[in-house]
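Note that the UniProt record's numbering numbers the sequence shown so that position 727 is 727, with each residue one more than the last.
Here a beta-carbon is modelled for each residue, glycine too, at the ideal position from N, C-alpha and C.
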Amino acid sequence: MHYLTLPLKRNCLQPERYVRQGSWLLLLISIVLAQTTLAQVPVIKEVTPNKTYSGRTISLKGFGFVDGATVSFGSANGNVLSTSDQLIEVEIPAAATYDHVSVTNPNGLKGYSPMPFILSYGGEHGLAAGDFAPQEDWGGPSGLYDVAISDLDGDGLNDIISAGTNVTTARILKNNSTVGNLSFSPLNLAIGIATLNVVTGDLNGDNRPEVIFSEANSDDAKILILPNASLPGTISFTSTLIISLPGSSTRRIEIRDLDLDGKPDLVVTDQKTNTNKIWILRNTSSGSISFASPISITVPNAINTGGLVVADLNDDGKPDIVVSEFNTNNAGIFMAENTSSLGAISFNSFHQKTFSGTLSNLKAADLNNDGKLDIIATRFLSSSAVFLLNESSKGGSITFGSPNSVPTDGLPWGLNIGDMDGDGKEDILVATLGSGLAVNVLHNTGSGSISFQKVSIPVTYINRNIRSGDMDGDGKPDIIFASVDDDNNGIPASQISILLNTKCIKPVVEPQGPKTICSGNPLQLKAQSVANATYEWRRDGTVEKTGPDNFFDVTLSGDYTVTLISGGCNEVSEIVNITVEAGGALPTADILDVDPVCIGVDLTLSLVADVGAAKYEWSGPEGFSATGLSVTVPSFQFSNSGKYYVDIYSGTCIIQTDTILVEAINAPDFSISMSGTGPFCEGDNVTLTVAPNDPNYSYQWYNNNGEINGATSTSYSATAPGAYFVKMKDLVNTGCPEITADAVEVDFLNSPQADFTFPSTACTDQSVSFTNQSSVDSEATAQYTWTFGDGTNSSSENPGHTFQAAGNYNITLKVKYAGLACEDEVTKVLTILPGLEVEIAASNDVICSGEQVELSLTESYANYSWSTGETTSKIIVDKGGSYSVVVKDVNGCQGTDNISINAFPEPSVTASADRFSVAPREEVQLHAEGLATYNWSPEAPLNNPNIADPVAILEKTTLFTVSGKDKNGCPESASVEIFILNDLIGNIIKPKNFFSPNDGDNINSIWLIEKIEQFPQCGVTIVDQAGNLLLEAKPYLNDWDGTVRGRRLPSGVYYYIIKCDSDKIVKSGSITLLR
């Protein structure tokens, strides 16, 4: 409706076109305009600049602006200087906060800027913890959880609103501060419920911000709205409005006009587990505040919702939604594009971007200055914040790049944005709940690439939520945060805490020099306005003016500076060089009036007459500059609308400046949407719709091949891939060129063709491999669903499956593209043959050391594959363990069996005697251990050869052998030799004649005497060639290593003497020691 009336307004500015129609037509136009104005929703298309200091005049471009409109920066209203249909000039208030600029027409309808405005006061670049005053605390409600700042009473100062979980009253701190001195008056409101989070915003168009709370309740929570009835200096509210959200546990609230009807709606997250939804309250207010019934929107794959951003992320003019889960891990964020139309709120399905971390809160800001809002999140358990750069295309699906991590102090929670050092870059403020007791400013130090410096500011308590805004009227953002109770350590707090920004403002003087003016042509220099500041204006170093005025009227040439004195700051501006000359008089020059300009045509600006000036110098929006009596702005766009200036030169000085406001013939911002996000299935009909549907325009659709015959409505059903666009022709302003909406690309995927193969024969109890042979589009993500006919299925691309019973099975493969309805399926019959019953037979199920067992099969097969690698029908094994065989028959059916052969350890058998040498016919007691049965041989000398301890009577030296089986049935034997005393010991023992006790090799390292252990009555003496005694040992234990008292003997020949019970030498000889 408002598009239709704009040309009428333009035409009524040209009364000559209607003079011959009579007064009745003028009356009709006036009535239409009056009705249209009352219904007008203002649209802001551009804020210039959108980063600057308080007191500066900025421009808002758009359409539908009406005299009496209010401009708000957050909740602080600016000083409107001028208003036209397409341009508002307004001064920035000191209380401006990081938010979208809004324009509210007298009818109460509101429009928002595409990007947020940020207060940038122009300080010295750089930031440190010492740039903030000591923490000041003001009592909050018990269980303080959240804070918000807002100029509730319109007095130009931000008040503080707090939410507390332990009380049913709300506490507001009315701001009475002056520069450098904080002062508040507490106001307690009985609201009847405990609260969790709080936001503020004007809901009914009266330019007074309402206060909106979410309830601190785990079930059936409510939204509480306090309608603002405040007047400057007095904060008051009318009857509380309570909205129930059944089964919810409300958390974050955002205020934004979702359907662009001029009434801000509410979006609420729900932290209740397994609710996975958000709530939307559509604003139906008309004077009094009211909302339609709550709408819930499901967030697929989410457990719940916590963090929340509502902002236009794909540049289609509609605020989209991004949420994160509350207190869960690795879910990332969920995004939904706004598809709403006037009076009907709708969104595309949420889609997910996963990344690691437990996210607490979300915020949006343009971190890389590319005109797109990026997403910032706190990662609670990772001691970091993370940002994702916006990669969305205009009107397309919302997409973000990979997450980038920035370190914070422990347990980061709350988030906010502010330019804390006034360098024009968005800094990130973070509240932390960790034991480090700090708030963080992630100072944006990027230049070309994005980088942040963590500034950790020590504070008194742990803190949860944080805000940025000017609290003392000096035009610099301060830090406000909720110091919360530390229940884990028993430290109460519930304090509203403030850190005043003490950085100095560097004054900026406008206009910048150098500039040459003619005497008599007034020029005023102006610096930013700071409350209670002193301005010291100098010319050529000499003070010309001192006082509260932030302006100076120039009459003399010189180098001008201003010193801004505020608190402890004393900052000097850059020099502005002004030259004042006595120019010659010229007639007054006037710019020729221009009608509103069609988009896409050339704008010509010229003077009514040449007044004989030396030069005509033009300037205007988008950096336009030109020289001449007549100048051209080529291909005029809406961004080129605004004020144009021409400086008239008399000689070398400016004697006059004239200005003109150029407006565009407003055309709707046409855009094309699709019925879905694409790509689409082959054969689908994709509905393309151009919006808005303005009856004052004709429509013609085009594709890659040119004009589409007969496609002249606002929608078109596309069935072929390609780029589609629309050209619109203004039926009212017929001289305007066609407008072309940006093309949209429609992609169709080739339909999937399902197919697969499997083996020609298959049997039970063996894995059957299915090979996908489907044809799918390379741009699609194919999903596979296999049904095996036995009640089981698989989603693998190439699955294997084992059938338990023989028979015929219908195998079905369905191929589908993820997120789309494109699908195809095919069914084939597979015959499963009975499997093989295989059994391994063993000649023995146990095996002893040195024995063998034969493994064979009870049936014959086509081929065999044993676990030993053998391929015969039977195998011989000599070790215990598990053995298996895989066999196949002539049909390829496979069977397997396994068997375990127990292996017993080698028996440990010993044979000994009570003595090893006896007299003839003397008894000797033999003894054996380690067997279950005993058989001694020879048997003749024994009293019983089948016991463990037989007695022997010997006539001669005899070697006895005992054999038998142990408890496991494994055979083993051992021997013992008994000597007769009349045998020569020297003939029995056998000393080694050399040994080599070298380090490490352990070969022949000990001097050995064989069988000496059987003669403990014998002693050994070793001497060297000089007769020196080296060793005496009785008995000798076969343990001499060639050392004497720890000293290693050298290589050489040494001598031994062996004596037994008598002094008679039984053996002697030499030993060679080798090293």
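Determine the DSSP secondary structure at residue i, reduced to helix, strand or coil.
| i | result |
| --- | --- |
| Asn166 | coil |
| Ser54 | coil |
| Leu381 | helix |
| Glu682 | coil |
| Ile672 | strand |
| Gln783 | strand |
| Pro42 | coil |
| Asn640 | helix |
| Ile172 | strand |
| Pro412 | strand |
| Pro621 | helix |
| Glu839 | coil |
| Ile665 | coil |
| Ile235 | coil |
| Asp270 | strand |
| Ala76 | strand |
| Asn703 | strand |
| residue 1100 | Here the chain comprises residues numbered 1 to 1075, so residue 1100 is not present and cannot be evaluated. |
| Ser23 | Confidence at Ser23 is low in this model, with a pLDDT of 34, below 50, so its placement is unreliable and the value that follows should be read with caution. Note: Ser23 maps to helix in three-state DSSP. |
| Gly986 | helix |
Straight-line CA distance for residue i to residue j?
| i | j | result |
| --- | --- | --- |
| Pro587 | Cys518 | 14 Å |
| Tyr134 | Asp647 | It is worth fixing the name first, because residue 134 is Pro in this sequence and not Tyr. Spanning the two alpha carbons is a distance of roughly 50 Å. |
| Asn188 | Ala364 | 32 Å |
| Asn329 | Ala431 | 20 Å |
| Gln14 | Val597 | Note that Gln14 has pLDDT 30, beneath the 50 cutoff, so the model's placement of it is unreliable and the number below is only indicative. C-alpha separation (whole angstroms): 13 Å. |
| Thr104 | Asn207 | 7 Å |
| Gly869 | Tyr1055 | 58 Å |
| Ile457 | Leu437 | 8 Å |
| Thr740 | Phe481 | 49 Å |
| Ser382 | Gly201 | 33 Å |
| Glu779 | Lys372 | 27 Å |
| Asp485 | Thr275 | 29 Å |
| Leu984 | Lys1064 | 12 Å |
| Tyr415 | Thr652 | Per the sequence presented here, residue 415 reads as Leu, with Tyr not at that position. In a straight line, the C-alpha of Leu415 is about 54 Å away from that of Thr652. |
| Ser664 | Lys61 | One point to set straight first is that residue 664 is Ala, not Ser, in the sequence displayed. Rounded to the nearest angstrom, the two C-alpha atoms are 11 Å apart. |
| Thr734 | Glu91 | 38 Å |
| Asp131 | Lys506 | 15 Å |
| Leu605 | Tyr112 | 31 Å |
So if DSSP puts residue i in a beta bridge, which residue, or which two residues, is it bridged to?
| i | result |
| --- | --- |
| residue 1076 | Outside the displayed range of the chain (1 to 1075) lies residue 1076, so it cannot be described from this structure. |
| Lys545 | Trp537 |
| Met335 | Val322, His351 |
| Leu442 | Ile428, Lys454 |
| Ile978 | Thr958 |
| Tyr1054 | Ile1071 |
| Pro116 | His100 |
| Thr563 | Glu536, Val572 |
| Leu855 | Ala842, Ile875 |
| Arg1047 | Val1044 |
Using a beta-carbon distance below 8 Å, is residue i in contact with chain D?
| i | result |
| --- | --- |
| Glu571 | You won't find chain D in this structure, because it holds only one protein chain. |
Compute every distance between the C-beta of residue i and the non-hydrogen atoms of the ligand GDP, then say whether any falls below 7 Å.
| i | result |
| --- | --- |
| Ala331 | Summarising the ligand content, the structure contains no ligands, and the ligand GDP is consequently not present. |
- Item | Stretch pair the segment 497 to 516 + the segment 76 to 88: three plus CB contacts closer than 8 Å | no
- Pairing CB atoms from the segment 66 to 77 with CB atoms from the segment 629 to 637, are three or more of them under 8 Å? no
- Task: Output the residue ranges of the beta strand (DSSP E) runs that lie fully inside the segment 752 to 824 and measure 3 residues or longer, sorted by chain position.
- Result: 767 to 769, 782 to 787, 800 to 802, 807 to 817
- Go through the segment 722 to 747 residue by residue and report every complete run of the beta strand (DSSP E) that reaches 3 residues or more, in order. 722 to 730, 744 to 746
- Message: Counting beta carbon pairs with one atom in the segment 117 to 134 and one in the segment 475 to 491, are three or more of them shorter than 8 Å?
- Response: yes
- Message: Measuring CB atoms only, is the segment 256 to 272 touching the segment 233 to 242, in the sense that at least three cross pairs come out at less than 8 Å?
- Response: no
- Task: Decide if the segment 829 to 848 is in contact with the segment 795 to 811; the criterion is three or more beta carbon pairs, one per stretch, under 8 Å apart.
- Result: yes
- Message: Is it the case that the segment 834 to 847 contacts the segment 891 to 898, given that we only count it when at least three CB pairs across the two stretches are under 8 Å?
- Response: yes
- If we count Cβ pairs, one from each stretch, closer than 8 Å, do we get three or more for the segment 512 to 527 versus the segment 574 to 588? yes
- Is the number of C-beta pairs between the segment 755 to 763 and the segment 693 to 700 that are closer than 8 Å three or more? no
- Query: Which whole runs of the beta strand (DSSP E) in the segment 571 to 623 are 3 residues long or more, in chain order?
  - Reply: 576 to 581, 603 to 606, 615 to 620
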